[in-house]
Amino acid sequence: MTDFTLVDPKGWKYDLHSVYSAYIGYFQVHNIPWFERTWGHLFTSFEDFLAFSWPVITVTDAYTGRAHIVTRLNSIGAFLKMIKTRFGETLPQAPNILQVTPFETTTRHLRNISDYATYRKLYSTLPAAVLAAQRTRVRAGEPKAIKELWAKREKTFLALGFVWSERNEKSCLEFGYAAVRCGHMDASGHWPPIPDTNYRKGHYVVEEYADKVINKHPPNQPWQFGETQLAPKAKLPQIIQAVISSLSSPDSDTSSSTIVLIGHGTHTQLARLEEMKIKVPHNALMIDIANFEKSLYATGDRGVMPDPKNEGLSRAPGSTLSLENLLRSFQHTHQPLTSNKNSSSNGSRSSRTPSTPPHPHTHPHPGTQQQLPQCTLANAGNEAFMSLFALQMLLDPTGTRVPSIKKGKLGNQGQRMHVLSAANMNTMNVMNNGMNVPMGMGIGMPGFPMGGMGMPGMPMPGLSPMPMPMYGMPGMSPMMPGVPGLPMAAANGGTVPSSPYLGPANAISKTANDIGNGDMGERGRPLRSPSVYNLGSEFGQMQLSMMTRAQSSGPTLSANAPQSGGGGGIPGYYANRKDVASGIGKRASILDMEKTRRRSSSYGALLR
């Protein structure tokens with residue numbers, strides 16, 4: 001075991017134990033009494049067979065991944081030549097010797113085995129050889145090795161994402177991860193994993209760099225799959241180490257860890273983890289999604305694909321897709337290079353029209369187009385989550401469900417801003433087209449809390465409700481500016497007319513003739529037109545020159561004067577003291593007329 005040299009593994013493909021087993025089978029098939037021959041003692045046991053002193057190396061099969069102790073064909077020939085020379089009998093070569101194709105291409109250690117104890121020691125190193133070959137095969141993106149990992153449902157696949165500062169490459173701004181524990185899910189009876197509910201995910205932003213250090217190429221983006229957490233810079237390595245330790249098994253020289261690191265360009269991530277002094281199990285497997293997808297495309301498993309840079313050309317065989325282009329490729333319909341034998345059994349799925357996107361929680365057919373969430377990858381959490389999703393799509397394209405974007409704090413804020421914009425547009429439509437839709441904003445409404453100035457459902461801090469009665473109309477309910485005589489109420493974060501005669505805001509408007517004909521509402525009340533009522537014309541028919549406040553001490557607004565900046569919704573300007581005095585004298589007649597108007601069933605009665 002101490003004296004060994006390095007040899008090229010090419011040509012070393014005959015399993016040593018299989019040589020002995022093949023000759024025992026050959027003697028049995030051809031009825032050769034080997035135990036009566038002079039050379040029979042060489043086949044009494046495998047230990048006696050090893051006494052010839054066989055030169056061997058350890059390799060793994062490129063197809064099965066199993067490790068073997070192999071020898072060369074000329075060594076078998078030397079063994080047969082020894083029997084002929086010493087015992088004068090010729091033995092043919094056994095026809096059923098196991099032959100392997102070495103996966104290793106580098107030089108291997110040559111050892112000479114002449115006893116069973118030496119063979120047993122060398123045999124104990126085969127699991128380590130399997131682990132070394134498996135790590136190399138998985139990192140190279142070999143489809144068979146990676147598919148076997150997924151099919152066993154034992155591993156935990158972990159995707160890590162980092163965002164580093166453009167000004168200082170050693171400063172980590174964000175960290176995100178996404179993991180799926182296949183062994184735990186298989187034991188619980190849940191398979192395949194659902195990204196929305198079965199992915200363990202997280203996103204951290206370094207507290208010292210939050211809102212201070214922002215990248216520009218590309219700019220930082222929010223996390224779209226949950227709530228972002230703040231973490232101190234000194235605690236970030238501890239958080240990452242805890243995530244890895246919670247998902248990995250103990251180190252071993254003979255078996256792989258339960259954790260499988262995945263990413264798009266894993267070699268850069270490993271270097272970053274070493275700089276942060278984060279320990280990764282040395283027996284952990286690592287999958288580079290770019291290499292895996294490239295191998296799948298080279299073998300024809302992904303069908304014919306267009307060039308991402310030039311849609312008119314086909315993709316080159318050895319090209320590598322970025323993560324963004326890889327995710328975009330899932331939305332295209334790829335024609336497989338081979339015909340699908342199970343197309344008849346999936347007829348119901350293939351009959352889906354292209355215009356109808358599949359439900360996010362259904363299993364799409366490989367030939368259909370999928371609508372992926374609009375996710376920005378310039379975020380550590382988004383990259384980690386979508387990397388894990390991309391791997392699952394490559395392994396199980398028909399059983400993987402499309403994830404949905406969840407709104408975090410920033411997402412909810414954006415949603416509120418969207419509602420606010422819609423409310424502003426709603427208000428403009430009301431002012432231009434009349435009261436046909438609910439108001440979305442209540443800025444400056446008399447008698448309505450000033451909280452209506454902000455977002456719907458969000459009161460403005462530091463502003464208290466300010467009741468403002470209708471100028472010049474004592475005893476009346478507060479009314480909306482621009483729609484005189486119509487009380488307002490708050491609903492759904494906005495304001496709507498509170499009159500009991502008005503139906504829903506989106507109801508069909510009734511004309512004046514329909515109202516006059518006695519149309520009834522839901523509760524037996526006569527329907528009223530939801531159009532804007534012009535209170536100014538009513539005052540004109542009454543021949544009123546002005547209106548006063550509810551209190552005699554307040555200033556008045558003229559009915560025909562231009563609008564003042566501090567007005568309560570009625571056009572006019574402050575009148576002089578003589579007009580105020582004359583207005584006070586007419587207050588009683590105005591109150592009588594107002595009581596008469598409020599007792600009428602419709603505004604049309606006053607107009608007539």
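Take 1 as the starting number for the sequence shown in the UniProt record's numbering and just add one per residue.
We put the CB at the ideal spot given by N, CA and C, even for glycine.
Taking C-alpha atoms, which residue in the options lies nearest to residue i?
i      : options                        : result
Glu148 : Phe175, Tyr63, Arg86           : Tyr63
Ser314 : Gly303, Leu158, His264, Thr136 : Gly303
Met276 : Asn96, Asp251, Leu236          : Leu236
Ala210 : Phe175, Asp61, Ile194          : Phe175
Ser21  : His41, Trp39, Lys13, Phe46     : Phe46
Ser202 : Asn379, Tyr123, Tyr119         : In the sequence as displayed, the identity of residue 202 is Gly instead of Ser. Measuring from the Cα of Gly202, the nearest candidate turns out to be Asn379.
Ser75  : Lys84, Ala67, Val56, Val29     : Val56
Ala187 : Lys152, Lys84, Ile405, Asn168  : Lys152
Thr118 : Gln93, Glu169, Leu50           : Leu50
Ala159 : Gln392, Ala384, Leu391         : Ala384
Gln238 : Pro222, Gln221, Ile278         : Ile278
Thr197 : Ala179, Ala390, Asn31, Gly65   : Ala179
Specify, as a first and last residue, the run of the alpha helix (DSSP H) that residue i falls within.
i      : result
Trp150 : 143-152
Asp48  : 46-49
Ile237 : At residue 237 the sequence reads Pro, which differs from the Ile that was named. Unbroken alpha helix (DSSP H) run through Pro237: 236-247.
Asp251 : Looking at the DSSP string, Asp251 is not in any alpha helix (DSSP H), and its letter there is neither H nor E.
Arg86  : 73-87
Ala138 : For the sequence presented, residue 138 should be read as Val rather than Ala. Run containing Val138: 126-139, per the alpha helix (DSSP H) assignment.
Glu383 : 380-395
Arg328 : 323-329
Gly183 : 182-188
Ile289 : 289-298
Would you check whether the ligand NAD has a heavy atom nearer than 7 Å to the C-beta of residue i?
i     : result
Arg86 : The ligand NAD is absent from the structure shown, which contains no ligand whatsoever.
If you draw a straight line from the alpha carbon of residue i to that of residue j, how long is it in whole angstroms?
i      : j      : result
Ile146 : Arg181 : 16 Å
Gly141 : Ile262 : 11 Å
Ala290 : Leu327 : 12 Å
Thr398 : Pro192 : 10 Å
Asn325 : Met185 : 30 Å
Tyr299 : Val138 : For clarity, residue 299 is Thr in the given sequence; the question names Tyr instead. Using only the alpha carbons, I get a separation of about 16 Å.
Ser355 : Val402 : At Ser355, the pLDDT of 35 sits below 50, so the modelled position is not reliable; the number obtained from the coordinates is stated separately. C-alpha separation (whole angstroms): 18 Å.
Ser114 : Pro102 : 23 Å
Ser329 : Ser322 : 10 Å
His282 : Ser245 : 13 Å
Lys309 : Gln331 : 16 Å
Val243 : Phe27  : 58 Å
Glu36  : His109 : 38 Å
Gly226 : Asn382 : 10 Å
Leu91  : Lys84  : 8 Å
Ser295 : Gly265 : 15 Å
Ala400 : Ser124 : Here the sequence assigns Thr to residue 400, which means Ala is not the residue at that position. Distance between the alpha carbons of Thr400 and Ser124 is about 40 Å.
Val19  : Glu89  : 19 Å
Pro195 : Glu293 : 20 Å
Gly25  : Leu42  : 15 Å
Gly161 : Asp61  : 34 Å
Gln392 : Gly40  : 56 Å
Asn168 : Val213 : 10 Å
Tyr116 : Asp307 : 57 Å
His17  : Phe157 : 37 Å
According to the Cβ coordinates, are residue i and residue j closer than 8 Å?
i      : j      : result
Leu395 : Ser256 : no
Leu247 : Gln134 : no
Val260 : Lys233 : no
Gln224 : Cys375 : yes
Leu388 : Tyr199 : yes
Glu154 : Thr268 : no
Thr38  : Phe87  : yes
Just to confirm my understanding: we take residue i, look at its own chain, exclude 5 residues before and 5 after, and list those with CB closer than 6 Å. What are they?
i      : result
Ser53  : Asn112, Ser114
Glu104 : Pro9, Val59
Leu6   : Thr107
Pro127 : Thr254
Gly189 : none
Glu166 : Asn215
Asp15  : His68, Val70, Leu98
Along the chain, where does the beta strand (DSSP E) containing residue i start, and where does it finish?
i      : result
Phe27  : Taken as a continuous stretch (DSSP letters only), Phe27 belongs to no beta strand (DSSP E), being part of the alpha helix (DSSP H) at 16-29.
Lys201 : 200-206
Arg111 : 108-113
Keeping to the same chain, check which residues put their C-beta closer than 7 Å to that of residue i; ignore five residues upstream and five downstream.
i      : result
Trp164 : Ser171, Cys172, Leu173
Leu273 : Val280
Asp251 : Pro281, His282, Asn283
Leu372 : Leu327, Phe330, Gln331, Val402
Pro219 : Ala378
Counting only the same chain and skipping the five closest in sequence on each side, list residues whose C-beta sits under 8 Å from that of residue i.
i      : result
Gly11  : Arg72, Leu73
Arg120 : none
Ala129 : Thr58, Val59, Thr60, Ala67
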